[in-house]
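**Q**
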Amino acid sequence: MARVDTLCRKTARILVVDDERVSLVLMERLLQVSGYTNIVLIQNPYDFMEIYDQAPTDLILLDIEMPGLNGFDLIEQLAARGDPLTPPILVLTSQRTRDYRLRALEAGASDFIAKPFDQAEVAARVRNMLDVQLAHRMAHDQKDILERIVYERTRQIRETQLQVVHRLGRAAEYRDNETGQHILRMSHISTLLARHLGWDEGRCEIMLHASPMHDVGKIGIPDSILLKPGVLTPEEWRIMQTHTTIGGDILSGDDSDLLRMAREIALTHHEKWDGSGYPLGLAGEDIPESGRIVALADVFDALTSVRPYKPAWEVGAALEWMRGQAGRHFDPRLMEIFLSLVPQILEIRERFADPSI
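Throughout the sequence shown, residue numbering follows this note's numbering, covering 846 to 1202 in sequence.
(1) Please give the ranges of any beta strand (DSSP E) in the stretch 951-1035, keeping only runs that are unbroken, at least 3 residues long and fully inside the region.
(2) Measuring straight from C-alpha to C-alpha, what distance separates Arg1003 and Leu1103?
(3) From Ile920, Pro912 and Leu1179, pick the residue whose C-alpha is nearest to that of Glu1130; which is it?
(4) Who are the near neighbours of Ile1132 in its chain, counting only those whose CB is closer than 6 Å to its CB and skipping five residues on each side?
(5) Would you check if the stretch 1083-1095 and the stretch 1132-1148 touch, i.e. whether three or more CB-CB distances between them fall below 8 Å?
(6) Sort Val1061, Tyr1123 and Pro1067 by Cα distance to Leu1096 and report the nearest one.
(7) Between Cys853 and Leu930, which are expected to be in contact by the criterion C-beta below 8 Å, what is the C-beta distance as a whole number of angstroms?
(8) Since Arg970 and Leu935 should fall inside the 8 Å C-beta cutoff, what is the C-beta to C-beta distance between them, to a whole number of angstroms?
(9) Using C-beta distances below 6 Å, list every residue in its chain close to Phe917, excluding the 5 sequence neighbours before and after it, in chain order.
(10) Helix, strand or coil for Leu886? Go by DSSP, reduced to three states.
(11) Assign Thr902 to one of two classes, buried (16 or more other C-beta atoms within 10 Å of its C-beta) or exposed (fewer than that).
(12) Quick check: what's the CA-CA separation for Ala857 versus Thr882?
(13) Classify Gly880: buried if its beta carbon has 16 or more other beta carbons within 10 angstroms, exposed otherwise.
(14) Assign Ser1035 to buried or exposed, taking buried as 16 or more other Cβ atoms, counted over all protein chains shown, within 10 Å of its Cβ.
(15) When DSSP labels each residue in this structure, what does Arg1152 get in the three-state scheme?
(16) Alpha carbon to alpha carbon, what distance is there between Glu997 and Arg1048?
(17) Can you list, in chain order, the residues of its chain with a C-beta nearer than 7 Å to that of Met846? Leave out the 5 residues immediately preceding and following it.
(18) Buried or exposed, going by whether 16 or more other CB atoms sit within 10 Å of the CB of Arg1194?
(19) Within the continuous alpha helix (DSSP H) that includes Thr1113, where are the two ends?
(20) Need the endpoints of the beta strand (DSSP E) that Thr938 sits in, please.
(21) Within a Cβ cutoff of 8 Å, which residues of the same chain sit near Ile1190, ignoring the five residues on either side of it in sequence?
(22) If you compare alpha carbons, which of Glu1046, Pro961 and Gln1170 is closest to Gly1122?
(23) Where Ile920 and Ile896 are concerned, what is the direct C-alpha to C-alpha distance, given to the nearest angstrom?
(24) Do Val1261 and Leu914 have their C-beta atoms within less than 8 Å of each other?
(25) Give the single residue among Asp976, His1059 and Gln964 whose Cα lies nearest to the Cα of Val1010.
(26) What runs of the alpha helix (DSSP H), each 4 residues or longer, lie entirely inside the stretch 863-925?
(27) Determine the extent of the alpha helix (DSSP H) in which Val1061 is found, giving its start and end residues.
(28) Throw me the rounded Cβ distance for the Trp1118 and His1174 pair, which I believe falls under 8 Å.
(29) Taking the beta carbon of Met894 as the centre, do at least 16 other beta carbons fall within 10 Å, making it buried, or is it exposed?
(30) In this structure, does DSSP put Ile1132 in helix, strand or coil?
(31) Report the option in Leu1042, Arg1152, Leu1127 and Ser1056 whose CA atom is closest to the CA atom of Val1076.
(32) Output needed for Leu1148: all residues of its chain with C-beta closer than 6 Å, excluding positions within five of it in sequence on either side, in chain order.
(33) Tell me whether Val967 is buried or exposed, calling it buried when 16 or more other Cβ atoms sit within 10 Å of its Cβ.
(34) Can you name, in chain order, every residue of its own chain whose Cβ lies under 8 Å from the Cβ of Ile1051, other than the five neighbours on each side?
(35) Run through DSSP, which three-state label would Ala1171 get?
(36) Output the distance between the C-alpha atoms of Val1187 and Val1160, rounded to the nearest integer angstrom.
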């Protein structure tokens, strides 16, 4: 249990509730003799909840036998709130029967102080209850602090992981003579498509961070092939296609949702709806939706960007060619959604435009 210092105990807020003025004044004097300084007297039980809410309370001394709203009613009102820091309740009573005390304990009372009051008993019971409550409050505060620290450390770790992931994706793009803007455009377009397919925001966020790793396997492709300005030979093309499986291998072995989707995308973003793609020759809905989404976004950005082997296409020409590939290269339903989002896609393209040379 956390250690409670004397000053903390002596300044604890104590509410004394009793409809008899004499009892209130007597209890106040007994508490003051013990050194307590923050004592609030409540004679009208109907004022209790309003006064209770004015400041954190550490202990309640409560008379049960009050007209109208009795002590049991007040205990029930406090219990209904479900506050984990509800203060202990010391019942002030002259009743000594077993049934009465059992009812009070079952209602939520912590202990009893017998009437007429005894100075030694009051001092001991109040001290004991305050030590428990203040230690509980300190532990609760420390738990909140630790939870905030854990949350912040977790956030920092996740941020670091995402930075590593993004740099891994950019490493592949730099090897391909790209500025790095391609992966920003492609990932935001992919996320836009996912959202309009009905993905929830959690999966959309994973798409945003997983899709930049779609071509990470290009790290394993020789520069003589990756940067060749002319047409690849059949053998060079076979090697070039292995960037999908290389990427899958690089991203394997981790069970996180992020790397699981990244691996899925790396392996399948060159599959085609009609089954003529690579590396697995998947067709139709056998191709994971993430791969079908990135295929559209990646091809559009590749067509409309300068590459070592070609100039950039005009947007209209690229869209016309892609429309003709619906049901062959691309998922036809996804192609319709893509075309309906062209204004937003062009805004993304403008926002992450390649820097002027």
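All residues carry an ideal CB built from backbone N, CA and C; glycine is no exception.
**A** The relevant details are as follows:
(1) 956-959
(2) 11 Å
(3) Each of Ile920, Pro912 and Leu1179 was checked against the Cα of Glu1130, and the nearest Cα belongs to Leu1179.
(4) Thr1113 and Glu1116
(5) no
(6) Val1061
(7) Contact between Cys853 and Leu930 is absent: CB atoms are separated by about 15 Å, not below the 8 Å threshold.
(8) Right, their Cβ atoms sit about 6 Å apart.
(9) Ala952
(10) strand
(11) Buried, since its Cβ has 16 or more Cβ neighbours within 10 Å.
(12) Rounded to the nearest angstrom, the two C-alpha atoms are 8 Å apart.
(13) exposed
(14) Under the 10 Å beta carbon count, Ser1035 is surrounded by 16 or more other beta carbons and is classified as buried.
(15) strand
(16) Using only the alpha carbons, I get a separation of about 22 Å.
(17) Any reading at Met846 must be qualified, since the residue scores a pLDDT of 44, below 50, and its modelled position is unreliable; the value itself is stated next. Once the five neighbours on either side are set aside, the close Cβ partners of Met846 are Ala980.
(18) With at least 16 other beta carbons inside 10 angstroms of its own, Arg1194 counts as buried.
(19) Asp1102 to Thr1113
(20) Ile934 to Thr938
(21) Ile1034, Leu1037, Phe1145 and Phe1183
(22) The option with the nearest alpha carbon to Gly1122 is Gln1170.
(23) 15 Å
(24) The first residue shown for the chain is 846 and the last is 1202, placing residue 1261 beyond what the model contains.
(25) His1059
(26) 866-878 and 893-897
(27) That residue, Val1061, is in no alpha helix (DSSP H); it is neither H nor E in DSSP.
(28) 6 Å
(29) exposed
(30) For Ile1132, the three-state secondary structure derived from DSSP is coil.
(31) Arg1152
(32) Close CB contacts of Leu1148 within its chain, under the 6 Å cut and outside five residues either way in sequence, are with Trp1158 and Ala1163 (chain order).
(33) buried
(34) These residues qualify, in order along the chain: Asp1102, Leu1103 and Met1106.
(35) Ala1171: strand per DSSP, three-state reduction.
(36) Going from the Cα of Val1187 to the Cα of Val1160 covers about 10 Å.
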